[in-house]
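Just so you know, we're using our numbering here: the sequence shown kicks off at 380 and counts up by one. Note that CB positions come from ideal geometry on N, CA and C, so glycine has one too.
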Amino acid sequence: MNEVTGPLGRVVATEKKPNTPHEFHFWTAIDSPVGIGTIVRVDGAQPIDGQIPHIYGIVVEGFSYTDLQSPMHDVLGHDGSPSAAGFAATERAEIRLYTASVLRQIPEEPLQPVPMGEVFLAQEEDVQIALRMDGYLREGAHTGIPVGVYRAGGTDAVIYLDADFLLGPEAAHLNITGMSGLATKTSAVEWLLASLFTHFPEEKGSIAAVAFNVKGPDLCYLDKPGRVEDADEKLYEKMGVEAKPLSQVQYFAPYTPKGITLNTFRNNEALLDNVSPLTWGLREVLQFAEVLLNKDDVDAKADALIDFIKENVLDKEFSDPILSKKHRVQSFADLDAWFRDVLQGMEKKDGESWRTHHVATIRKVRNRLSNISTRCAGLVTDTGAVSDLPFGSFADRAVYVVDVANLEEDAQDLIFARIVSKLREHLERRDLGVKHLVVFVDELNKYAPTDGADTYVRKMLLDIAERGRYLGLVLFSAQQFRSQVHRRVVGNSGTALFGRMDADELSTPGYAVLSPATKTKLATLEKGQLMVRHPHFTQPIFVRFPRPAVMQGREGAEKYPQASDVSVHVAVLRALRPLDPSIS
């Protein structure tokens with residue numbers, strides 16, 4: 380397709396439809412390559428302070444007109460027969476009228492209504508100026524992260540996000556919304572991580588990502604090559620990213636309740652080289668016991684006893700006249716023995732309380748805590764054995780995937796709460812191993828809903844959204860219904876991506892700022908297309924991104940089927956083989 384270099388229209392203004400500083404109208408020929416989302420440039424006719432004004436806008440609405448006063452005139456002109464059109468004496472004139480929202484005016488002061496002038500299709504340099512990308516693409520800045528390619532009338536322009544507004548410190552966080560299965564939310568994140576790892580400037584420090592795989596096998600094959608079409612190859616080349624899978628990926632998953640096979644879609648023997656167990660003991664879990672305990676059931680008295688255990692019993696030599704022996708509690712089995720000794724001692728003395736804790740409270744806390752290792756079997760061990768993420772030695776440009784897709788909700792919440800808390804602690808101490816960390820969470824409707832209980836996980840997400848950028852902790856999140864996610868989470872996301880949208884979602888108040896035509900385009904987007912909102916862009920922009928060069932979840936699940944439960948002997952061999960390949 381050849382670029383359109385000459386004028387394609389002219390600005391018009393009427394009393395009924397005047398131009399303003401933020402909106403203008405223009406007409407074009409019927410065959411002009413203008414559509415909803417097209418960026419145009421207006422060259423004013425009269426100079427302002429000796430400078431010809433240039434106004435950049437994006438088309439948000441379109442109209443088609445003829446000189447008809449009434450549809451009846453057309454009916455009469457064709458004798459009431461559509462097939463009689465060829466006998467008309469003249470072809471009726473038709474014009475295309477478009478409305479564009481202003482992206483930028485140069486000079487920016489004084490801010491005036493858009494003047495009359497010729498309208499041109501924006502070229503690549505115009506797109507950079509219109510979206511204020513010239514400020515962070517200039518020589519020496521190096522903070523542009525490609526998100527996709529804008530296409531219109533032969534113009535292919537790479538759209539860049541500003542790393543300072545994506546990862547901080549100016550602004551941070553990214554949120555993706557779209558219909559399940561059609562909006563390519565997961566693909567967008569996979570592509571963006573590849574772009575981020577390629578283009579994030581080294582002088583800004585190291586970066587890594589932790590992704591929670593919460594449904595299906597979506598994120599389980601990030602290190603395996605996927606099919607990339609020629610058109611996608613060209614997009615990769617245009618944006619300066621290699622079309623290859625992610626090079627550093629480590630997977631973590633708990634065991635199944637039987638404790639033999641890893642509870643992940645990636646437990647096929649051919650894929651276990653970079654898969655590690657995720658298991659925690661009493662010490663790791665007790666710090667986040669409130670995640671698993673029903674706050675309506677566990678009162679302040681129970682909380683006090685749990686705090687007492689954390690501070691005075693856990694990992695300490697503990698003795699008391701009521702006990703039959705000294706205890707060092709390091710596992711759930713040790714804790715149960717300690718509780719049993721306390722209760723037996725109270726029964727012998729016929730006491731109703733011990734150290735201000737009533738016997739009923741002690742029994743309740745024992746039941747609730749002892750139950751954790753059963754409810755989270757495979758993740759929480761009775762013995763205290765620990766296998767964890769490499770906190771303190773995260774690698775630059777690495778992705779750590781935690782597969783929780785097959786787990787119960789309690790175990791998912793515990794994993795999310797503890798891992799994110801540990802990440803935050805290490806970033807505060809500056810000893811995680813990397814300076815910037817992206818945390819990807821899908822199904823945000825579930826973890827941070829607008830309504831519902833104020834859970835530990837929701838509080839944590841709110842804290843990341845509001846304060847994480849100061850630590851280098853950045854939230855990439857996705858959901859089907861943005862309107863059902865807590866406003867402070869999505870409101871603090873500096874960048875928002877939108878895939879194909881559901882009409883019901885588009886009818887909610889959060890989308891009132893979009894024109895009807897823009898909503899229509901959003902509802903019909905193809906896979907691989909996104910609408911992008913970013914702090915530098917005064918209006919949303921439509922882009923196309925390439926298919927990720929990684930194996931998709933469904934394809935991977937077919938090629939590498941899940942392993943069935945195996946014998947203890949085989950499980951031990953599999954666990955030892957990564958340590959010593961000679962074991963067979």
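Item to check | Spatially closest choice to residue 858 from 880, 834 and 666, by CA coordinates | outcome: Position 479 of the sequence shown, counted from the first residue, corresponds to residue 858. The shortest C-alpha separation from residue 858 is found at 880.
Checklist entry - Which residues bound the beta strand (DSSP E) around residue 587? => result Walking along the sequence shown from the start, residue 587 turns up at place 208. 586-592 is the span of the beta strand (DSSP E), which, as asked, contains residue 587.
Item to check | Per DSSP, the bridge partner or partners of residue 448 | outcome: Start at 1 with the first residue of the sequence shown, and residue 448 comes out as number 69. For residue 448, DSSP records no beta bridge to any residue.
Checklist entry - Using 8 Å as the threshold, is the segment 500-513 in touch with the segment 444-452, meaning 3 or more CB pairs across them? => result With the cut-off at 8 Å, the segment 500-513 and the segment 444-452 do not touch.
Item to check | Cutoff 6 Å; reference residue 442; Cβ partners in own chain excluding five residues on either side | outcome: Along the sequence shown, one-based indexing puts residue 442 at 63. The beta carbon of residue 442 is closer than 6 Å to those of 476 in its chain, skipping five residues each way along the sequence.
Item to check | Cα-Cα separation between residue 384 and residue 492, rounded to whole angstroms | outcome: Numbered from its first residue, the sequence shown carries residue 384 at position 5. Numbered from its first residue, the sequence shown carries residue 492 at position 113. Whole-angstrom Cα-Cα distance: 25 Å.
Next on the checklist: With a threshold of 8 Å on Cβ separation, who are the neighbours of residue 507 within its own chain once the five nearest residues in sequence on each side are excluded?
Outcome noted: Translated into positions along the sequence shown, residue 507 becomes position 128. Same-chain partners within the cutoff: 513, 516 and 536.
Item to check | Straight-line Cα distance separating residue 761 from residue 902 | outcome: Against the sequence shown, residue 902 aligns to sequence position 523. Against the sequence shown, residue 761 aligns to sequence position 382. The straight-line gap from Cα to Cα measures roughly 51 Å.
Next on the checklist: With three or more beta-carbon pairs closer than 8 Å as the criterion, would you say the segment 610-624 touches the segment 635-655?
Outcome noted: The segment 610-624, when compared against the segment 635-655, does not touch it at the 8 Å Cβ threshold.
Next on the checklist: Since residue 821 and residue 654 should fall inside the 8 Å C-beta cutoff, what is the C-beta to C-beta distance between them, to a whole number of angstroms?
Outcome noted: Here residue 821 is taken as the residue at index 442 of the sequence shown, counted from 1. Here residue 654 is taken as the residue at index 275 of the sequence shown, counted from 1. With a Cβ gap of about 20 Å, residue 821 and residue 654 do not count as contacting.
Next on the checklist: Do residue 813 and residue 784 count as a contact pair if the criterion is CB distance below 9 Å?
Outcome noted: As a working mapping, residue 784 is identified with position 405 in the sequence shown. As a working mapping, residue 813 is identified with position 434 in the sequence shown. No, Cβ-Cβ distance for residue 784 and residue 813 is not below 9 Å.
Next on the checklist: I'd like to confirm the pairing. Which residues does DSSP put opposite residue 845 in its beta bridges?
Outcome noted: In the sequence shown, residue 845 corresponds to position 466, counting from 1. Residue 845 is not bridged to any residue.
Checklist entry - So, residue 520 versus residue 420, is the Cβ gap smaller than 9 Å? => result Stepping through the sequence shown from its first residue, residue 520 is reached at position 141. Stepping through the sequence shown from its first residue, residue 420 is reached at position 41. Residue 420 is positioned such that its CB atom lies no closer than 9 Å to that of residue 520.
Item to check | Which of helix, strand or coil DSSP assigns to residue 957 | outcome: In the sequence shown, counting from the first residue as 1, residue 957 sits at position 578. At residue 957, the pLDDT of 48 sits below 50, so the modelled position is not reliable and the matter cannot be decided from this model.
Item to check | Cut-off 6 Å between Cβ atoms - residues of its own chain near residue 770, not counting five sequence neighbours on either side | outcome: Translated into positions along the sequence shown, residue 770 becomes position 391. Cβ neighbours of residue 770 beyond the five flanking positions: 801 and 805.
Next on the checklist: Quick check on the burial criterion: 16 or more other C-beta atoms within 10 angstroms. Buried or exposed for residue 848?
Outcome noted: As a position in the sequence shown, residue 848 is number 469, starting the count at 1. Burial check for residue 848: the Cβ neighbour count within 10 Å reaches 16 or more, so the residue is buried.
Checklist entry - For residue 451, is the classification buried or exposed, using 16 other Cβ atoms within 10 angstroms of its Cβ as the cut-off for buried? => result Sequence index remark: in the sequence shown, residue 451 carries index 72 (1-based). By the neighbour-count rule (16 or more Cβ atoms within 10 Å), residue 451 is not buried but exposed.
Checklist entry - Given residue 786, which residues of its chain have a CB within under 6 Å of its CB, disregarding the five upstream and five downstream residues? => result Position 407 of the sequence shown, counting from 1, holds the residue named residue 786. Leaving aside the five residues that flank residue 786 on each side, none in its chain has a CB nearer than 6 Å to its CB.
Checklist entry - Does the count of Cβ pairs from the segment 826-837 and the segment 857-873 closer than 8 Å reach three? => result Yes: at least three Cβ pairs fall under 8 Å.
Next on the checklist: Quick check: residue 600 and residue 782, are their CB atoms within less than 9 Å of each other?
Outcome noted: Position 221 of the sequence shown, counted from the first residue, corresponds to residue 600. Position 403 of the sequence shown, counted from the first residue, corresponds to residue 782. Against a cut-off of 9 Å, the Cβ pair of residue 782 and residue 600 comes out as no contact.
Item to check | alpha helix (DSSP H) segments (min. 4 residues) lying fully within the segment 489-564 | outcome: Listed in chain order, the complete alpha helix (DSSP H) runs (minimum 4 residues) inside the segment 489-564 are 503-509, 513-516 and 542-545.
Checklist entry - Could you give the distance in angstroms between the alpha-carbon of residue 920 and the alpha-carbon of residue 910? => result What you label residue 920 is simply residue 541 of the sequence shown in a count that begins at 1. What you label residue 910 is simply residue 531 of the sequence shown in a count that begins at 1. When only Cα atoms are considered, residue 920 and residue 910 end up about 5 Å apart.
Checklist entry - Which stretch, first to last residue, makes up the alpha helix (DSSP H) that contains residue 920? => result Residue 920 sits at position 541 when you count from the first residue of the sequence shown. Going by DSSP, residue 920 is part of no alpha helix (DSSP H) but of the beta strand (DSSP E) stretching over 920-923.
Checklist entry - Where do the ends of the alpha helix (DSSP H) carrying residue 806 lie? => result As a first step, residue 806 is located in the sequence shown; it is residue number 427 there, counting from the start. Per DSSP, residue 806 belongs to the alpha helix (DSSP H) from 788-808.
Item to check | Same chain, Cβ closer than 7 Å to residue 396, neighbours up to 5 away in sequence not counted | outcome: Counted from its first residue, the sequence shown places residue 396 at position 17. Listed in chain order, the non-local C-beta contacts of residue 396 below 7 Å within the same chain comprise 404, local neighbours out to five positions each way being set aside.
Next on the checklist: Nearest by alpha-carbon distance to residue 584: which of 776, 872, 544 and 845 is it?
Outcome noted: Within the sequence shown, the letter at position 205 stands for residue 584. Considering only alpha carbons, the answer is 776.
Checklist entry - Within this structure, are the beta carbons of residue 552 and residue 872 separated by less than 9 Å? => result Position 173 of the sequence shown holds residue 552. Position 493 of the sequence shown holds residue 872. Contact flag set, yes.
Item to check | Beta-carbon spacing of residue 574, residue 538 below 9 Å | outcome: The count along the sequence shown starts at 1 and reaches residue 574 at position 195. The count along the sequence shown starts at 1 and reaches residue 538 at position 159. Result no, Cβ atoms of residue 574 and residue 538 do not sit closer than 9 Å.
Item to check | Own chain partners of residue 540 with C-beta closer than 7 Å, once the 5 adjacent residues on each side are dropped | outcome: Within the sequence shown, the letter at position 161 stands for residue 540. Around residue 540: 524, 526, 874 and 913.
Item to check | Beta-bridge pairing of residue 604 - partner residues as DSSP gives them | outcome: Locating residue 604 in the sequence shown gives position 225, counting from the first residue. In the DSSP assignment, residue 604 forms a beta bridge with 929.
Checklist entry - Since residue 636 contacts residue 757 with CB under 8 Å, what's their CB separation in whole angstroms? => result Along the sequence shown, read from residue 1 onward, the residue named residue 636 stands at position 257. Along the sequence shown, read from residue 1 onward, the residue named residue 757 stands at position 378. Contact between residue 636 and residue 757 holds, since their C-beta atoms are separated by about 5 Å, short of 8 Å.
Checklist entry - For residue 398, which residues of its own chain have a beta-carbon under 6 Å away from its beta-carbon, when the five flanking residues on both sides are left out? => result Within the sequence shown, the letter at position 19 stands for residue 398. Excluding sequence neighbours, residue 398 sits near 392, 492 and 493.
Checklist entry - First and last residue of the beta strand (DSSP E) that includes residue 723? => result Reading the sequence shown from its first residue, position 344 is the one you call residue 723. That residue, residue 723, is in no beta strand (DSSP E); its alpha helix (DSSP H) goes 711-727.
Next on the checklist: I need the straight-line Cα distance from residue 705 to residue 686, nearest angstrom please.
Outcome noted: Stepping through the sequence shown from its first residue, residue 705 is reached at position 326. Stepping through the sequence shown from its first residue, residue 686 is reached at position 307. Straight through space, the alpha carbons of residue 686 and residue 705 are spaced by roughly 20 Å.
Checklist entry - Within this structure, are the beta carbons of residue 661 and residue 763 separated by less than 9 Å? => result Here residue 661 is taken as the residue at index 282 of the sequence shown, counted from 1. Here residue 763 is taken as the residue at index 384 of the sequence shown, counted from 1. Closer than 9 Å, so yes.
Item to check | residue 630 - partner residues in DSSP beta bridges | outcome: Position 251 of the sequence shown, counting from 1, holds the residue named residue 630. Residue 630 pairs with 654 and 780.
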